[in-house]
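Student:
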Amino acid sequence: MTNYKKQKLSPGHNACAGCGQLSAVQSVMRALSDDTILISATGCLEVTTTAYPQSAWQLPWIHSLFENAAPIASGIKAALNKKKKKTKVVIQAGDGATYDIGLGLISGMWERGEEILYICYDTEAYSNTGVQASGSTPWGANTVTTPAGEKSFGSSQVKKDMLKIALAHGLNYVAQSTSAFPDDITNKVKKALATPGPSYLQILSPCMPGWQIKTDQAGQGGRLAVQTGLYPLLQYIHGELSTSSIKKDFKALPVNDYLSIQGRFQHLSKDEIKQIQALADKNIKHFAL
Amino acid sequence: MFTHHKTQFLEGARAVSLTIANIQPAVVSAYPITPQTHIVEDLAKFKAQGRATYEYLRAESEFAAASIVVGASAAGSRVYSATSSQGLILMLEVLYNASGLRLPVVMTVANRAVGGPINIWNDHSDAMAMRDAGWMMFFAENHQEAVDLHVIAYKLAEEFNIPAAVNIDGFILTHSFENVVIPDKTSIKKYLPTYKPALGTYLNPQKPVTLGAFFTPEHFWLEKKRIDEDLKHVLTIFPKNYQTWKKILPTPAPIKVSCDDGLTEYCGPKNPDTLLIAMGSVVGTIKEALKTDKNTGILKIRSYRPFPVNSLQKAVGNCKRVAVIEKAMSSGAYGPLYSDVSAALPGFKGVSSNHIVGLGGRDINIKTIKNIIKSAQRAQIKFW
Chain A
1020 MTNYKKQKLS
1030 PGHNACAGCG
1040 QLSAVQSVMR
1050 ALSDDTILIS
1060 ATGCLEVTTT
1070 AYPQSAWQLP
1080 WIHSLFENAA
1090 PIASGIKAAL
1100 NKKKKKTKVV
1110 IQAGDGATYD
1120 IGLGLISGMW
1130 ERGEEILYIC
1140 YDTEAYSNTG
1150 VQASGSTPWG
1160 ANTVTTPAGE
1170 KSFGSSQVKK
1180 DMLKIALAHG
1190 LNYVAQSTSA
1200 FPDDITNKVK
1210 KALATPGPSY
1220 LQILSPCMPG
1230 WQIKTDQAGQ
1240 GGRLAVQTGL
1250 YPLLQYIHGE
1260 LSTSSIKKDF
1270 KALPVNDYLS
1280 IQGRFQHLSK
1290 DEIKQIQALA
1300 DKNIKHFAL
Chain B
0 MFTHHKTQFL
10 EGARAVSLTI
20 ANIQPAVVSA
30 YPITPQTHIV
40 EDLAKFKAQG
50 RATYEYLRAE
60 SEFAAASIVV
70 GASAAGSRVY
80 SATSSQGLIL
90 MLEVLYNASG
100 LRLPVVMTVA
110 NRAVGGPINI
120 WNDHSDAMAM
130 RDAGWMMFFA
140 ENHQEAVDLH
150 VIAYKLAEEF
160 NIPAAVNIDG
170 FILTHSFENV
180 VIPDKTSIKK
190 YLPTYKPALG
200 TYLNPQKPVT
210 LGAFFTPEHF
220 WLEKKRIDED
230 LKHVLTIFPK
240 NYQTWKKILP
250 TPAPIKVSCD
260 DGLTEYCGPK
270 NPDTLLIAMG
280 SVVGTIKEAL
290 KTDKNTGILK
300 IRSYRPFPVN
310 SLQKAVGNCK
320 RVAVIEKAMS
330 SGAYGPLYSD
340 VSAALPGFKG
350 VSSNHIVGLG
360 GRDINIKTIK
370 NIIKSAQRAQ
380 IKFW
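Taken in sequence, the protein lines are chains A and B.
For the first sequence, my numbering assigns the number 1020 to the initial residue and increments by one for each residue that follows.
For the second sequence, my numbering assigns the number 0 to the initial residue and increments by one for each residue that follows.
1) Return yes when the Cβ of A/Pro1228 is within less than 8 Å of the Cβ of A/Ser1146, no when it is not.
2) DSSP state of B/Ala112, grouped into three classes?
3) Is the Cβ-Cβ distance between A/Ser1174 and A/Asn1191 less than 8 Å?
4) How would you call B/Phe306, buried or exposed, if buried means at least 16 neighbouring beta carbons within 10 angstroms?
5) If you count every other CB in all the chains shown that lies within 10 Å of the CB of A/His1257, and 16 or more means buried, which is it?
6) Buried or exposed, going by whether 16 or more other CB atoms sit within 10 Å of the CB of A/Gly1031?
7) Just to make sure I have the definition right: I need the residues of chain A whose C-beta is within less than 8 Å of the C-beta of B/Asn317. Which are they?
8) Note down, in chain order, every chain B residue with its Cβ under 8 Å from the Cβ of A/Val1066.
9) Looking at the secondary structure, which residues open and close the beta strand (DSSP E) in which B/Ile355 lies?
10) Please report the residue range of the beta strand (DSSP E) in which A/Trp1080 lies.
11) Quick test of your reading: B/Glu352 and B/Ser329, contact by CB under 8 Å. State the CB separation rounded to the nearest angstrom.
12) For the stretch 7 to 87 of chain B, list the beta strand (DSSP E) runs that are entirely contained and at least 3 residues long, ordered along the chain.
13) CB-CB under 8 Å to B/Thr384, same chain, minus the five flanking residues each way: which ones, in chain order?
14) Give the single residue among A/Leu1136, A/Trp1129, A/Ile1120 and A/Gly1132 whose Cα lies nearest to the Cα of A/Ala1144.
15) Give the DSSP-derived three-state secondary structure of B/Val180 in the structure shown.
16) Tell whether a beta-carbon distance below 8 Å holds between B/Ala51 and B/Ala20.
17) Mind checking B/Thr367: buried by the 16 CB within 10 Å criterion, or exposed?
18) Measure the alpha-carbon distance for B/Leu148 versus A/Ala1213 and round it to whole angstroms.
19) Quick check on this structure: which residue in B/Asp122, B/Lys245, B/Glu158 and B/Lys313 has the alpha carbon closest to the alpha carbon of B/Ile363?
20) Taking only the alpha-carbon atoms, compute the straight-line gap between A/Ile1184 and B/Glu92 and give it to the nearest angstrom.
21) Assess contact between the stretch 230 to 242 of chain B and the stretch 301 to 320 of chain B, defined as three or more Cβ pairs (one per stretch) separated by less than 8 Å. Is contact present?
22) Hey, is B/Leu94's beta-carbon within less than 8 Å of any beta-carbon in chain A?
23) Just the Cα atoms here: how many angstroms apart are A/Gly1127 and B/Glu61?
24) Are B/Val68 and B/Val26 touching if we call contact CB-CB under 8 Å?
25) Does A/Glu1259 come out as helix, strand or coil in the three-state DSSP assignment?
26) Using a Cβ-Cβ cut-off of 8 Å, state whether B/His4 counts as contacting chain A.
27) Name the residues in the stretch 1226 to 1245 of chain A whose C-beta lies less than 9 Å from a C-beta of chain B; which are they?
28) So, do the stretch 108 to 128 of chain B and the stretch 148 to 157 of chain B have three or more beta carbon pairs nearer to each other than 8 Å?
29) Whose C-beta lies closer than 6 Å to the C-beta of B/Leu9 among residues of the same chain, with five residues either side of it excluded?
30) Give a yes or no on whether 8 Å exceeds the smallest Cβ distance from A/Lys1101 to chain B.
31) Look up A/Gly1154 in the DSSP assignment and say whether it is helix, strand or coil.
32) How about A/Leu1243 and A/Gly1159: do their beta carbons lie closer than 8 Å?
33) Counting only beta-carbon atoms, is B/Ile297 nearer than 8 Å to chain A?
34) Comparing C-alpha positions only, which one of A/Ile1265, A/Ala1299 and A/Ala1199 sits nearest to A/Gly1240?
35) Does B/Glu264 come out as helix, strand or coil in the three-state DSSP assignment?
36) Beta strand (DSSP E) containing B/Asn166: first to last residue?
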């Protein structure tokens, strides 16, 4: 039997059934010690786990605002430094908070070089407010603010490369995973926490309403993202791509396998799918998958 | 370490920074903006010289600075920041959050106009932008008050878990030199003990808490009501706290004070015909202007939030005219202080007037004040 008291995120949160993010969070929690402080940006995770007066968190946890999880963590780290405490500091935020509204503040935190792990649960849209497009929304995705229609193929912007932005700050540990690979996530969190300085982990987290998938499809979505080369499992240690991790679980499946299970890509033409295939091919070549 | 309670001739910013150093916050973070800069430069220097041990974090914006001190405060540390004008506006979202999280953040606001048009000089339009954020807001008339109010701000903030802003007029106080007494660490500690929040009230793995939870309508209004009640409770304990502090650090008043309950201070005749009401350094000019006036008094609002309704009503008594002199305007309505004063005097039968002065650093001299007193015969709102 599961000892729920030992879980850092208790059952009883009110996220969607089958939520990719919540399952990724559990994989993260398995890697954390009790001597950890968590910071959440505004988003699904905060809303679904802390409906006052209840809380699903067994670790010290704070939510301040949408965009400021990074400087809140800096302040916590400074307070711990002053007290000479080695407590780990971990941020959990969505892609809206990370790619868009909080980006400048994340840059400021990375400049300060504090030992803080920043985890971005990437649903590729503002899931919590009803699936509006973010800087992470992929090209061609149908969202409520990039709707597909007679004169629109969905999002005309390409997904911003957050990993490169993290690497440009000289982070010692930068990695990418998806919620379908729990052990990969747990290992990466452990490695990130064992690496001195700031670190960044981005986890693709399939979102039921956002991706328009069924409650049993988060795992499939997360797996296909990796297997098609669109979202490879990556790990950069001291800026160098760790070759041992990249070929993992790649199957060279056509991107249509991944796109066709999701409502947000249903409108795409064959030509448009080809363009997304080109993005995957570029990844396959670049990362030598 | 820094002083032994002797009178020193100091710049206002230096008086504040020396006081903060002796209050010994654990974490300091700020972003430079004129006219706050001298304070945070001093604090960085004290740290670099090894004269202070706080963590000093460089922030890439005021928004970040405010968030950093909120984070450090949530982790159970005494914190400090300072800002002005545009910086305060940029912080605003975080400032609401600090009070909602019940964190005893203390901040100096070196008051400056808010653009556009851009202007770097003094008025109170920045402070008024945070009026409803759930912070205590104190206004200093001079350097000594700036010093005293910072110590008192920490005391009240940490006792009530309410953040506090100490407003000091930009340039007029921050960059001018006056005689001032800086309290040493020992006397501050007598009044303001080392900050040790109870386990279970801040982020500590030994006793995990959830801070900043999601509040539904049934809980949200109660929390807001509680903050309001606690702020109003400060009104009842401020006078005694103020007296206690002034016993530890007695300093002579430059001009004879008739009545001082901490929240407000009154100078003038027992039953004035005209009562002037103002905040901050302009009160010094007003006192000078009233030296030969036997019929007019000045009520200084030291605590703007919480607003000292009872002290105000008592001071107004049966006077014939009330003239509110203030350095901010709620465009399309009245000055914010005038609105507060009017709401606090529902039965006032005399003539009340509102005088908007000193916007963007516009000079206010003794003649201006004398003309205001003359024009207080008429109910009006007037820019000077």
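Glycine included, each C-beta is placed from N, C-alpha and C at the ideal position.
Tutor: Taking the geometry as given:
1) Yes, these two residues count as a Cβ contact at 8 Å.
2) Per DSSP, reduced to three states, the secondary structure at B/Ala112 is coil, with no helix or strand assignment.
3) At a Cβ-Cβ threshold of 8 Å, A/Ser1174 and A/Asn1191 do not count as neighbours.
4) The residue in question, B/Phe306, is buried, as its Cβ has 16 or more Cβ neighbours within 10 Å.
5) Here A/His1257 is exposed, its C-beta having fewer than 16 other C-beta atoms within 10 Å.
6) Exposed.
7) Within chain A, no residue comes near B/Asn317; the closest Cβ sits about 49 Å away, beyond 8 Å.
8) Correct list: Phe213.
9) Element bounds for B/Ile355: Val350 to Ile355.
10) From DSSP, the beta strand (DSSP E) with A/Trp1080 extends over Trp1080 to His1082.
11) Checking the displayed sequence, the identity of residue 352 of chain B turns out to be Ser instead of Glu. Taking a contact as a CB-CB distance under 8 Å, the pair B/Ser352 and B/Ser329 does not count as one, their CB atoms being some 16 Å apart.
12) Counting only runs of 3 or more residues that sit fully inside the stretch 7 to 87 of chain B, the beta strand (DSSP E) segments are 26 to 29, 54 to 57 and 78 to 82, in chain order.
13) Residue 384 of chain B is absent from the structure shown; chain B starts at 0 and stops at 383.
14) That would be A/Ile1120, whose Cα lies nearest to the Cα of A/Ala1144.
15) Residue state, collapsed to three classes: strand.
16) Yes. Within cutoff.
17) So B/Thr367 ends up on the buried side.
18) Each residue's alpha carbon lies about 45 Å from the other.
19) Minimum Cα distance to B/Ile363 is reached at B/Asp122.
20) So the two alpha carbons sit approximately 26 Å from each other.
21) Output reads yes: the stretch 301 to 320 of chain B touches the stretch 230 to 242 of chain B.
22) Not an interface residue.
23) Distance between A/Gly1127 and B/Glu61, taken at the CA atoms: about 12 Å.
24) Cβ distance < 8 Å, so B/Val68 and B/Val26 count as in contact.
25) A/Glu1259: strand per DSSP, three-state reduction.
26) Not one chain A Cβ lies under 8 Å of B/His4.
27) Result list empty, no residue passes.
28) The stretch 108 to 128 of chain B, when compared against the stretch 148 to 157 of chain B, does not touch it at the 8 Å Cβ threshold.
29) Around B/Leu9: Val179.
30) Judged by the 8 Å Cβ criterion, A/Lys1101 is in contact with chain B.
31) Assigned with DSSP and collapsed to three states, A/Gly1154 falls in coil, not helix or strand.
32) Result no, Cβ atoms of A/Leu1243 and A/Gly1159 do not sit closer than 8 Å.
33) Closer than 8 Å: no.
34) Nearest option by C-alpha distance: A/Ala1199.
35) When secondary structure is reduced to three states using DSSP, B/Glu264 falls in the strand class.
36) Ala163 to Asp168 is the extent of the beta strand (DSSP E) around B/Asn166.
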